[in-house]
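Trainee:
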């Protein structure tokens, strides 16, 4: 059998990890992660509808969970994920019709997604607590 | 959709490859994305307006015709959108069989179950189990 030579250690081409992450890439990844989060978050929507249809006992179980700290945390995350995915989706629709492809516009749209989703989430929760009349 | 020198002018003008299909999923994802924007905003408004209300009030509001129809549209649109989205994620990251086939199938089961369970709840409220 012929002697096999060990392959020479050649330099690999640079990969994602050595670059500073561009904001467009981060928003793309976050868009997918929030989409996956919302996917499982729909279980809460289904639970809510089923509980409402099942009666007062089932509904108060659901309400108790959503009023717990853990439930509130999930709902807060769900709110942000929904708004982020929505704004990111609008950004994609803008690209779909052929606009916003210059470097500056891509950066601006991506930052708008990030900042917009966080601000809207905070505004919505302040609004939510005002609706509840500060009782919780 | 490569229309090379070997394809006939007819097949080129039809713009379809050998599969004769392929853009429905892409298009459906855009249609549901557009629908999701107003429907999700409406959903958020419904959630906020139902905060802290008891079962009787929530059941009455959720079962009222306008809210019930909005909720049904919302459920139909998001479950279609998320089925396509998760299919894309699975196809991107899972390459081994049978895991791939199992997950792709599970994705369909999950999204349909969520859709039907939610719709069942809304319709049950709407058709007045609580006499409202």
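Residue numbers (the working numbering), protein chains in the order written: chain W, 34 to 169; chain C, 885 to 1016. Idealized CB from N, CA, C, for every residue including glycine.
Three-state secondary structure (DSSP) at residue 908(C)?
Mentor: As a first step, residue 908(C) must be located in the second chain, where it is residue number 24. Looking at residue 908(C) - three-state DSSP - the assignment turns out to be helix.
Trainee: With a threshold of 6 Å on Cβ separation, who are the neighbours of residue 57(W) within its own chain once the five nearest residues in sequence on each side are excluded?
Mentor: Reading the first chain from its first residue, position 24 is the one you call residue 57(W). Around residue 57(W): 139, 143.
Trainee: Please state if the CB of residue 119(W) and the CB of residue 108(W) are separated by a distance shorter than 8 Å.
Mentor: Taking the first residue of the first chain as 1, we reach residue 108(W) at position 75. Taking the first residue of the first chain as 1, we reach residue 119(W) at position 86. No, they are not a contact pair.
Trainee: Within the 8 Å Cβ cut-off, does residue 83(W) reach chain C?
Mentor: Taking the first residue of the first chain as 1, we reach residue 83(W) at position 50. Yes, residue 83(W) lies at the interface with chain C (some Cβ there is under 8 Å from its Cβ).
Trainee: Mapping the DSSP letters down to three states, classify residue 935(C) as helix, strand or coil.
Mentor: Start at 1 with the first residue of the second chain, and residue 935(C) comes out as number 51. Reduced to three states, the DSSP call for residue 935(C) is coil.
Trainee: Using the three-state DSSP reduction, which class does residue 885(C) fall into: helix, strand or coil?
Mentor: To locate residue 885(C), count along the second chain from 1; it is residue 1. Low confidence applies here, because residue 885(C) scores a pLDDT of 46, under 50, leaving its location unreliable; read the following figure in that light. Coil.
Trainee: Indicate whether at least one CB of chain W lies closer than 8 Å to the CB of residue 896(C).
Mentor: Counting from one through the second chain, the residue named residue 896(C) turns up at place 12. Taking Cβ atoms only, chain W never reaches closer than 8 Å to residue 896(C), which makes this a no.
Trainee: I want to verify the contact list: residues of chain C whose CB lies under 8 Å from the CB of residue 89(W), in sequence order.
Mentor: Translated into positions along the first chain, residue 89(W) becomes position 56. Neighbours of residue 89(W) on chain C, chain order: 938, 939, 940.
Trainee: Under a CB-based cut-off of 8 Å, is residue 906(C) close to chain W?
Mentor: Walking along the second chain from the start, residue 906(C) turns up at place 22. For residue 906(C), the answer is no, since every Cβ of chain W falls outside 8 Å of its Cβ.
Trainee: Taking only beta-carbon atoms, is residue 149(W) less than 8 Å away from chain C?
Mentor: Here residue 149(W) corresponds to residue number 116 of the first chain, with the count starting at 1. No, residue 149(W) does not count as interfacial toward chain C.
Trainee: Taking beta-carbon pairs under 8 Å, can you tell me which members of the segment 55–75 of chain W lie near chain C?
Mentor: Within the segment 55–75 of chain W, the residues whose Cβ lies closer than 8 Å to some Cβ of chain C are 65, 68, 69, 71, 72, 75, listed in chain order.
Trainee: Just verifying my parser: in three-state terms, what is the DSSP assignment at residue 970(C)?
Mentor: Walking along the second chain from the start, residue 970(C) turns up at place 86. Note: residue 970(C) maps to helix in three-state DSSP.
Trainee: Contact between the segment 925–939 of chain C and the segment 994–1001 of chain C: three or more CB pairs below 8 Å?
Mentor: The segment 925–939 of chain C is not in contact with the segment 994–1001 of chain C.
Trainee: So, is residue 64(W) buried or exposed, given that buried needs 16 or more other C-beta atoms within 10 angstroms?
Mentor: Here residue 64(W) is taken as the residue at index 31 of the first chain, counted from 1. Flag for residue 64(W) reads buried.
Trainee: If you pair each beta-carbon of the segment 89–104 of chain W with each one of the segment 122–130 of chain W, do three or more pairs fall below 8 Å?
Mentor: With the cut-off at 8 Å, the segment 89–104 of chain W and the segment 122–130 of chain W do not touch.
Trainee: Give me the chain C residues within the contact set of residue 92(W), using Cβ-Cβ distance strictly less than 7 Å, ordered along the chain.
Mentor: In the first chain, the residue the question calls residue 92(W) occupies position 59. Under the 7 Å cutoff, chain C gives 939, 942.
Trainee: If residue 92(W) and residue 942(C) are in contact, beta carbons under 8 Å, what's the gap, nearest whole angstrom?
Mentor: By 1-based counting over the first chain, the position of residue 92(W) is 59. By 1-based counting over the second chain, the position of residue 942(C) is 58. The pair is a contact, with the Cβ atoms about 7 Å apart (cut-off 8 Å).
Trainee: Using three-state DSSP, classify residue 165(W) as helix, strand or coil.
Mentor: Start at 1 with the first residue of the first chain, and residue 165(W) comes out as number 132. In the structure shown, residue 165(W) sits in coil (DSSP, three-state: anything other than H, G, I, E or B).
Trainee: Please report the distance separating the alpha-carbon of residue 919(C) from that of residue 961(C).
Mentor: Residue numbering aside, residue 919(C) sits at position 35 when the second chain is read from its first letter. Residue numbering aside, residue 961(C) sits at position 77 when the second chain is read from its first letter. Cα to Cα, the separation comes out at about 7 Å.
Trainee: Just to make sure I have the definition right: I need the residues of chain C whose C-beta is within less than 9 Å of the C-beta of residue 106(W). Which are they?
Mentor: Walking along the first chain from the start, residue 106(W) turns up at place 73. Those within 9 Å of residue 106(W) in chain C number zero; the least Cβ separation is about 16 Å.
Trainee: In whole angstroms, what separates the C-alpha of residue 1016(C) from that of residue 951(C)?
Mentor: Here the question's residue 1016(C) lines up with position 132 in the second chain. Here the question's residue 951(C) lines up with position 67 in the second chain. Low per-residue confidence applies at residue 1016(C): pLDDT is 48, beneath 50, and the placement is therefore not dependable enough to give any value.
Trainee: Determine the direct distance from the alpha carbon of residue 40(W) to that of residue 1002(C), and round the result to whole angstroms.
Mentor: Translated into the one-based positions of the second chain, residue 1002(C) becomes position 118. Translated into the one-based positions of the first chain, residue 40(W) becomes position 7. About 58 Å.
Trainee: Is the segment 953–969 of chain C in contact with the segment 143–156 of chain W, if contact means three or more CB pairs nearer than 8 Å?
Mentor: Not touching, per the Cβ criterion.
Trainee: How many angstroms separate the CA atom of residue 988(C) from the CA atom of residue 1008(C)?
Mentor: Here residue 988(C) refers to the residue found at position 104 when the second chain is read from its first residue. Here residue 1008(C) refers to the residue found at position 124 when the second chain is read from its first residue. So the alpha carbons of these two residues sit roughly 30 Å apart.
Trainee: Among the candidates 970(C), 915(C), 982(C), whose CA atom is the shortest distance from the CA of residue 69(W)?
Mentor: Your numbering for residue 69(W) matches position 36 in the first chain. Residue 69(W) has its Cα closest to that of 970(C), out of 970(C), 915(C), 982(C).
Trainee: To test your reading of the DSSP string, which unbroken alpha helix (DSSP H) runs of 4 or more residues are found completely within the segment 47–106 of chain W?
Mentor: Those alpha helix (DSSP H) runs which fall completely within the segment 47–106 of chain W and span 4+ residues are 56–87, 89–100.
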